[in-house]
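Report on the following structure.
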Amino acid sequence: MRLDVDDLVVLSPRDINTFGQGVAEVDGMVIFCDGLLPGDRATCRIISCKKSYARAVIETLHTLSSYRREPFCSLFGSCGGCSLQHMDYAAQLQWKGDHVIDQLVHIGHFDKLTVRSITRPTIGMEDPFYYRNKSQFAVAGPAGHPQLGFYRRGSHTVCDGEVCKIGSPAADVARATLRRHMKRYRIPGYDEVGHRGLVRHLLVRTADDHRSVMVCPVLNGENLPEMDRWVNDLEQALAATGCALDSVFINVHKKRGNTILGSDFRHVSGSPYIEEAIRGIIYRISPASFFQINTTQTAVLYKEVIKFADLSPTETALDLYCGTGSIGLQLADQAKRVFGNEVVASAVADARINAEINGINNASFSIGLAEEVIPTLYEEGLRGDCVVVDPPRKGCDKKLLDTILTMLPERLIYVSCNPATLARDLRILADGGFKLQAVQSVDLFPWTTHVETVVLMSRVDK
275 MRLDVDDLVV LSPRDINTFG QGVAEVDGMV IFCDGLLPGD RATCRIISCK
325 KSYARAVIET LHTLSSYRRE PFCSLFGSCG GCSLQHMDYA AQLQWKGDHV
375 IDQLVHIGHF DKLTVRSITR PTIGMEDPFY YRNKSQFAVA GPAGHPQLGF
425 YRRGSHTVCD GEVCKIGSPA ADVARATLRR HMKRYRIPGY DEVGHRGLVR
475 HLLVRTADDH RSVMVCPVLN GENLPEMDRW VNDLEQALAA TGCALDSVFI
525 NVHKKRGNTI LGSDFRHVSG SPYIEEAIRG IIYRISPASF FQINTTQTAV
575 LYKEVIKFAD LSPTETALDL YCGTGSIGLQ LADQAKRVFG NEVVASAVAD
625 ARINAEINGI NNASFSIGLA EEVIPTLYEE GLRGDCVVVD PPRKGCDKKL
675 LDTILTMLPE RLIYVSCNPA TLARDLRILA DGGFKLQAVQ SVDLFPWTTH
725 VETVVLMSRV DK
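Shown next, in the form of structure tokens:
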């Protein structure tokens with residue numbers, strides 16, 4: 275059957291993809307449809323056709339999936355922030371666990387029955403709302419008509435909004451006060467195409483159950499007009515909700531392009547950082563620090579890592595792609611020594627400060643690419659009884675995996691935000707001398723298709 279744009283087809287999807295689209299098939303042609311869930315049956319209109327797939331939108335829903343729920347945000351479907359608001363939360367957790375299994379089987383070529391037997395149910399949130407400790411609002415609009423929100427799906431057009439139920443309430447307060455300030459003083463938002471306008475983004479970070487607040491407007495210029503007035507208004511607005519404005523920065527970002535932050539951070543008032551505690555460890559957070567965006571579930575994630583590591587006081591743990599030392603510092607009181615490595619120098623500086631303020635003396639951190647630093651240190655005698663890797667979405671570099679296979683630690687823990695690259699790397703490790711022992715997914719990102727996964731592998735002694 276040949277499909278053309280505007281054709282109508284009846285679809286019943288078998289799955290959803292990582293964009294939250296229903297995946298269906300008509301006469302061998304794969305069709306992706308926004309907003310369609312397994313169990314739905316709908317008449318859909320084709321909006322684009324490629325050689326091997328087509329895209330569609332729902333025209334009429336005939337049968338509703340048992341997974342379907344009413345979205346809680348009026349912007350769902352246009353705002354790019356969430357992709358699964360129309361799906362029951364328990365069903366989301368099930369899908370995320372199944373998706374990890376599917377990737378391990380189809381990309382990693384692991385036995386399906388074996389993977390299912392060692393995969394535990396995805397750990398979700400009791401209350402999956404207002405969980406983000408970091409919000410980055412895009413700002414646009416001419417003088418006197420500001421727009422503050424997230425980008426529309428698949429574009430850089432701002433989806434103007436006032437409330438986000440996955441962000442912190444403090445972030446919405448900061449957004450509202452900046453909107454009023456920009457209207458009052460006719461401050462233009464940023465035009466990415468013309469490289470005009472002043473305010474590009476608003477970064478808001480929170481800690482201490484969202485009570486401690488840091489704000490950082492990102493400017494295509496040197497100053498926000500009447501900055502002191504805005505800070506004072508924001509202090510009062512936050513205080514009325516039981517929050518405190520503890521840190522204020524501006525980020526001067528005059529370069530063209532769509533990167534959110536520039537490199538020039540300027541401290542305006544308050545502390546140069548806010549502090550968050552997870553499982554008894556205090557972390558200092560600056561505007562550019564990497565820190566998991568869901569504090570509640572990060573504590574759950576670290577608990578799983580600690581359990582899998584099962585360290586003794588005589589053992590050494592390696593924390594690779596360590597960021598600000600967040601995982602390594604959690605392991606320090608169980609190990610003889612923790613060694614962390616990270617390529618971002620500012621993150622390593624934060625890791626060292628975090629170790630110092632927590633009185634941790636058995637953790638050290640190095641700067642550099644893990645695939646370059648670890649092979650050299652291995653040749654110099656560095657060994658780890660337990661190795662933890664927490665790479666970016668692209669996964670681990672092959673050279674680093676080869677070094678781990680040469681080192682062959684007793685236990686390897688892989689923390690991943692991308693099931694596809696996780697599966698790829700686990701296959702390399704399994705072929706080189708490790709065995710899958712346990713798979714645990716943790717939902718750090720409710721109402722999206724993203725999932726964090728912790729995998730335990732053990733050395734196969736020959």
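In my numbering, the protein residues as written are 275 to 736. Where a beta carbon is used, it is the ideal one built from N, C-alpha and C, also for glycine.
- Three or more beta-carbon pairs separated by less than 8 Å link the stretch 613-620 to the stretch 585-600, which places the two stretches in contact.
- If you look at PHE346, you'll find it isn't in any beta strand (DSSP E); DSSP assigns it neither H nor E.
- Between LEU519 and PHE708, the alpha-carbon positions lie close to 48 Å from each other.
- Exposure of GLY428 is indicated by the presence of fewer than 16 other C-beta atoms within 10 angstroms of its C-beta.
- Per DSSP, the beta bridge partners of ASN615 are LEU594, SER640.
- Rounded to whole angstroms, the separation of the alpha carbons of HIS373 and ARG390 is 11 Å.
- In the three-state DSSP reduction, LEU493 falls in the strand class (E or B).
- With respect to the 8 Å criterion, ARG558 and TYR547 are classified as neighbours on the basis of their beta carbons.
- Its chain contains ILE320, ILE321, SER322, CYS323 as the residues whose beta carbon lies nearer than 8 Å to that of VAL279, once the 5 sequence neighbours on both sides are disregarded; these appear in chain order.
- Around the CB of GLN510, fewer than 16 other CB atoms lie within 10 Å, so the residue is classed as exposed.
- Note that the C-beta distance between LEU349 and GLY463 is not below 8 Å.
- Counting other Cβ atoms within 10 Å of its Cβ, SER486 reaches 16 or more and is therefore classed as buried.
- LEU718 and THR570 have their C-alpha atoms some 8 Å from each other.
- A residue is called buried once 16 or more other Cβ atoms fall within 10 Å of its Cβ, and LYS408 is buried on that count.
- 8 Å or more divides the Cβ of ARG460 from the Cβ of GLY423.
- In this structure, GLY658 places its C-beta atom within 8 Å of the C-beta atom of LEU592.
- For the pair of segments examined, the stretch 464-472 was found to touch the stretch 490-505: the number of CB pairs separated by less than 8 Å reaches three.
- Counted as a single uninterrupted DSSP element, the beta strand (DSSP E) harbouring ASP538 occupies residues 538-544.
- Counting other Cβ atoms within 10 Å of its Cβ, HIS455 reaches 16 or more and is therefore classed as buried.
- Ranking SER357, ASN291, THR588 by CA distance to the CA of LYS610 puts THR588 first.
- The secondary-structure analysis by DSSP pairs LEU686 across a beta bridge with VAL661, MET731.
- DSSP lists ALA481, ALA518 as the beta-bridge partner residues of SER486.
- Burial of ARG453 is indicated by the presence of at least 16 other C-beta atoms within 10 angstroms of its C-beta.
- In this structure, THR695 is the residue among THR680, ILE641, THR695 with its C-alpha nearest to the C-alpha of PRO666.
- Residue pairing of LYS408 in beta bridges, as defined by DSSP: ARG479.
- The Cβ neighbour count for ILE687, taken over all protein chains shown within 10 Å, is at least 16; the residue is labelled buried.
- Following the DSSP letters along the chain, one finds GLU549 inside the beta strand (DSSP E) bounded by residues 548-552.
- Excluding residues up to 5 positions away in sequence, GLU645, PRO649 lie with their Cβ nearer than 7 Å to the Cβ of LYS673 in the same chain.
- Here LYS668 carries a coil assignment [DSSP, helix/strand/coil].
- Distance from the CA atom of PRO345 to the CA atom of ASP362, rounded to whole angstroms, is 10 Å.
- ASP289 and LEU367 have their C-alpha atoms some 14 Å from each other.
- Around the C-beta of LYS370, 16 or more other C-beta atoms lie within 10 Å, and the residue is accordingly described as buried.
- With contacts defined as CB atoms closer than 8 Å, SER339 and GLY302 fail to qualify as a contacting pair.
- As DSSP reads the structure, VAL574 sits in no beta bridge.
- By the neighbour-count criterion, in which a residue is buried when 16 or more other Cβ atoms sit within 10 angstroms of its Cβ, PRO395 is exposed.
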